[in-house]
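Residue numbers (my numbering): 1374 to 1476. Every residue, glycine too, gets a C-beta built ideally from N, C-alpha and C.
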């Protein structure tokens, strides 16, 4: 059986299963909308809250037993401040299929 889905980003129909993405880490959504700019930043690859909580966008590849297809599940990975490095523009790689900070 072939599966199709309509992409929310480009509006086109694609064959297979859609990628699962999150627009922001849970912690970002606990900050009142009017306070977010004051307390942190959210962009395509990273999220920083109060210079204490650091997140990077990640993708988990989940194979489906007995199937050729795989599911890509977007996630936010929390990092300790000392391990968090600001990537240069484009250093992590362009993610044309989804953006971590699109809201």
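Taking C-alpha positions only, residue 1406 is separated from residue 1388 by approximately 36 angstroms. Here residue 1419 is buried: its Cβ has 16 or more other Cβ atoms, across all protein chains shown, within 10 Å.
The three-state secondary structure of residue 1395, taken from DSSP, is coil. A direct Cα-Cα distance of roughly 18 angstroms separates residue 1428 from residue 1445.
One alpha carbon belongs to residue 1391, the other to residue 1380, and they sit about 8 angstroms apart.
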